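**Student:** Going by my numbering, the first residue of the sequence shown is number 28, and it counts up by one from there.
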Amino acid sequence: MSSSFAGSNASPLHFAAVDVETTGINPDRDTVIEIAIVIFGREGVVDRFSQTIDPGRPLPLEIQRLTGIGDEDVAGSPTLGAVSLDIRRRIGSLTIVGHNIEFDLRMLAGGGIKLPNHSMDTFRLATLLMANMPNYSLTQVAISLGLDPGPEHRALPDADRAAAVFIELLKRIDEYDERTLQQAAKLAQQAGWAEAQLFRAAADRKVSGPLFALDDTRDLPPELRFAEPRERPEALQRTGSTDPLDPGAIELLLSDAGPLPHVLDRYEARPAQIRMAAAVARALDAEEELLVEAGTGTGKSLAYLLPAAMYAIERGERVVVSTDTISLQDQLYGKDLPDVRTVLRESGQT
28 MSSSFAGSNA
38 SPLHFAAVDV
48 ETTGINPDRD
58 TVIEIAIVIF
68 GREGVVDRFS
78 QTIDPGRPLP
88 LEIQRLTGIG
98 DEDVAGSPTL
108 GAVSLDIRRR
118 IGSLTIVGHN
128 IEFDLRMLAG
138 GGIKLPNHSM
148 DTFRLATLLM
158 ANMPNYSLTQ
168 VAISLGLDPG
178 PEHRALPDAD
188 RAAAVFIELL
198 KRIDEYDERT
208 LQQAAKLAQQ
218 AGWAEAQLFR
228 AAADRKVSGP
238 LFALDDTRDL
248 PPELRFAEPR
258 ERPEALQRTG
268 STDPLDPGAI
278 ELLLSDAGPL
288 PHVLDRYEAR
298 PAQIRMAAAV
308 ARALDAEEEL
318 LVEAGTGTGK
328 SLAYLLPAAM
338 YAIERGERVV
348 VSTDTISLQD
358 QLYGKDLPDV
368 RTVLRESGQT
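1. Output the residue ranges of the alpha helix (DSSP H) runs that lie fully inside the stretch 85 to 129 and measure 4 residues or longer, sorted by chain position.
2. Can you give the beta carbon distance from L165 to H126, rounded, assuming they're within the 8 Å contact cut?
3. Which residue comes first and which comes last in the alpha helix (DSSP H) that contains I60?
4. Which of the three DSSP states is assigned to G275 in this structure?
5. Among the residues of its own chain, which have a CB less than 7 Å from the CB of V290, if the five just before and after it don't count?
6. Do V59 and I66 have their beta-carbon atoms positioned less than 8 Å apart in this structure?
7. Which stretch, first to last residue, makes up the alpha helix (DSSP H) that contains Q217?
8. In whole angstroms, what separates the C-alpha of D242 from that of A211?
9. Kindly list the residues whose CB is nearer than 8 Å to the CB of R69, restricted to its own chain and excluding five residues on each side of it in sequence; keep chain order.
10. If you reduce the DSSP assignment to three classes, tell me which class D148 lands in.
11. Judging by CA-CA distance, which residue of D273, T350, L107 is the nearest neighbour of E341?
12. Determine whether the beta carbon atoms of L311 and A335 lie at a separation below 8 Å.
13. Between I80 and the rest of its own chain, which residues show a CB-CB distance below 8 Å, the 5 nearest in sequence each way excluded?
14. Measure the alpha-carbon distance for L359 versus S328 and round it to whole angstroms.
15. Taking Cβ to Cβ, would you say G137 is nearer than 8 Å to P85?
16. Rounded to a whole number of angstroms, what is the C-alpha to C-alpha distance between F150 and Q224?
17. List the DSSP bridge partners of E48.
18. Would you mind working out which of A284, S77, L263 sits nearest R117, comparing C-alpha positions?
19. With a cut-off of 8 Å on the beta carbons, I'd call L332 and D363 a contact; round off their distance for me.
20. Can you name the residues that DSSP bridges to A43?
21. Could you pull the start and end residues of the alpha helix (DSSP H) that P347 belongs to?
22. Between R206, T122, Q209, which has its C-alpha nearest A190's C-alpha?
23. Taking the C-alpha atoms as reference points, what is the distance between Q91 and L183?
24. When you compare only the Cα positions, how much space is there between R372 and T207?
25. Roughly how many whole angstroms lie between the Cα atoms of E129 and I64?
26. So, are the CB atoms of H145 and A221 less than 8 Å apart?
27. Please state whether the Cβ-Cβ distance between T325 and Q356 is less than 8 Å.
28. Looking at R188: is its Cβ nearer than 8 Å to the Cβ of G95?
29. Please report the straight-line C-alpha distance between M337 and L263, rounded to a whole angstrom.
30. Given this structure, state the Cα-to-Cα distance separating V307 from D292, to the nearest angstrom.
31. Three-state secondary structure (DSSP) at M157?
32. Only counting the same chain, and skipping five residues up and downstream in sequence, which positions put a Cβ closer than 7 Å to that of D46?
33. Just verifying my parser: in three-state terms, what is the DSSP assignment at G23?
34. Just how far apart, CA to CA, sit T49 and S171?
35. Quick one: what's got a C-beta closer than 6 Å to A240's C-beta in the same chain, skipping five residues either side?
36. Using DSSP bridges, identify the partner residues of G71.
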């Protein structure tokens, strides 16, 4: 069992970094096994608190391996309900900071501690301010900011790290001119992010004019490329159609008699690809989940992109494609989607 705290000196200029370790990721059935709260400001950390929590059942082996927390570490610890009032008192009305903080807040709420405080997510801030990173894990962000990554998957080190990352990101925000900050605030607000107020507050503190204009993006630093003006396609308008996709049309587009041989060098129709595309089309029409196992050489990208694009055109609705790797995302965006667009254009679809 462990607990530590230094007396509170929090002020309105301080934040509360919160991190929890849990038995899993489902707030309905999993529980908190460790919580840490770090009260900090621009001047540094002023308070630290950490506490192991008794989940009332044995810890899963994979969680013990991930966190290094064993059953013996939580034995004799208080339950989450027993420290609920203490946690609320320590955080008070401070804005809560964390990496993917919604997870921590959901897990606390699942244990009966619903915190009404405003929250700031260092993950979201990093995606805005640190473009083109391989991933945005807390450790990766900390390393990229020149911070000591320290141990992972323990509540107090993670809360300390989130606090340090937040301060460094605030410093980056302060480096930009008023106009850029206003644009960042606008984009963040449109996304429904509470972090918009950080950019707005920084813009309000600026007294000088912009160092560069957003209509001249040649001088934009890499981390602000998200603010570059881009041509946007017209917004999709729902057509009201509920007609199912035509499997015959999909098969024709993917066949040797379709436009693909003219678009792709050495293209050959693949029966497995056609079957997969038909299955994707049926799943889209029925709004069902589909799990596909397809080997190398099947042509998976076209098999799901083509029916997805046809569905979007037919219904006037977006279809979201999520990838496991950035490299696949780049391939879809830079090669496969343009090919699909060409195929549909040649077949008379827009």
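Just so you know, even glycine gets a beta-carbon here, dropped at the ideal spot from N, CA and C. In this text the structure is predicted, and so the values were computed from the model without any measurement.
**Tutor:** A quick look at the data gives this:
1. For the stretch 85 to 129, whole alpha helix (DSSP H) runs of length 4 or above, ordered along the chain, are 88 to 94, 98 to 101, 111 to 118.
2. 4 Å
3. Per DSSP, I60 belongs to no alpha helix (DSSP H); it is in the beta strand (DSSP E), 59 to 68.
4. helix
5. Answer for V290: D366, T369, V370, listed in chain order.
6. The answer is no: Cβ separation not under 8 Å.
7. 205 to 217
8. Low local confidence applies: a pLDDT of 44 at D242 is under 50, so the model's placement there is unreliable, and no value is given.
9. L40, I194, L197
10. Strand, per DSSP.
11. D273
12. yes
13. T58, V59, I60, E61, I62, V101, S104, P105, T106, L107, V110
14. 7 Å
15. no
16. 16 Å
17. E61
18. S77
19. 6 Å
20. When DSSP reads this structure, A43 sits in a beta bridge with I66, I123.
21. Correcting the residue identity first, residue 347 is Val in this sequence and not Pro. That residue, V347, is in no alpha helix (DSSP H); it is neither H nor E in DSSP.
22. T122
23. 16 Å
24. The alpha-carbon atoms of R372 and T207 are separated by roughly 38 Å.
25. 15 Å
26. yes
27. no
28. no
29. 13 Å
30. 25 Å
31. coil
32. A63, G125, D131, A182, D185, A186, A189
33. Outside the modelled stretch of the chain, which goes from 28 to 377, sits residue 23, for which no answer is possible.
34. 27 Å
35. Annotation note: pLDDT 40 at A240 (below 50); position unreliable, coordinate value reported separately. Closer than 6 Å at the Cβ level, and outside the excluded window around A240, lies no residue.
36. G68
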